[in-house]
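Residue numbering for the sequence shown follows this note's numbering, starting at 31 and increasing by one per position.
Glycine is no exception: its CB is placed at the ideal position from the N, C-alpha and C atoms.
In this text the structure is predicted, and so the values were computed from the model without any measurement.
To start, the structure itself, in structure tokens.
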Amino acid sequence: MHIAWTILAILSGIIAIWYFSSLLIQYEDQPLILCVRIVHFIIWIVIASGVVAFMTLVKSKAKMELIVTGLFLMGFSLWYYIREGRAE
31 MHIAWTILAI LSGIIAIWYF SSLLIQYEDQ PLILCVRIVH FIIWIVIASG VVAFMTLVKS
91 KAKMELIVTG LFLMGFSLWY YIREGRAE
């Protein structure tokens, strides 16, 4: 299970670097919009991290459902920002 979390963390880091670099290129001349986009992304990461941290503390039978919910939240936030970046 630790290997899966490590792979997920590495992939999330690669995607975050790719997203930030695309933001820097796209909003190079608009620093305010760039800051707002980065803050929104960080808020989603904090929410997803909080869900994952909560899941690791739960010691019940519902733990698997919480893990699936946390992964869904992270996947949805990633999809949202990729879609939003392509829409503009």
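Residue burial is scored here from C-beta neighbours: A39 has fewer than 16 other C-beta atoms within 10 angstroms and is therefore classed as exposed. Inter-residue distance for P61 and I45 is about 21 Å (C-alpha atoms, whole angstroms). Rounded to whole angstroms, the gap between the alpha carbons of L64 and L103 is 23 Å. The three-state reading of DSSP puts Y57 in coil, since its state is none of H, G, I, E or B. Pairing Y57 with S42, the inter-Cα distance amounts to about 22 Å. By a beta-carbon distance limit of 8 Å, Y49 contacts Y111. Their separation comes to about 6 Å.
Put simply, of V76, G80, S79 and F71 the residue whose alpha carbon is nearest the alpha carbon of L108 is F71.
The beta carbon of S79 is closer than 6 Å to none in its chain, skipping five residues each way along the sequence.
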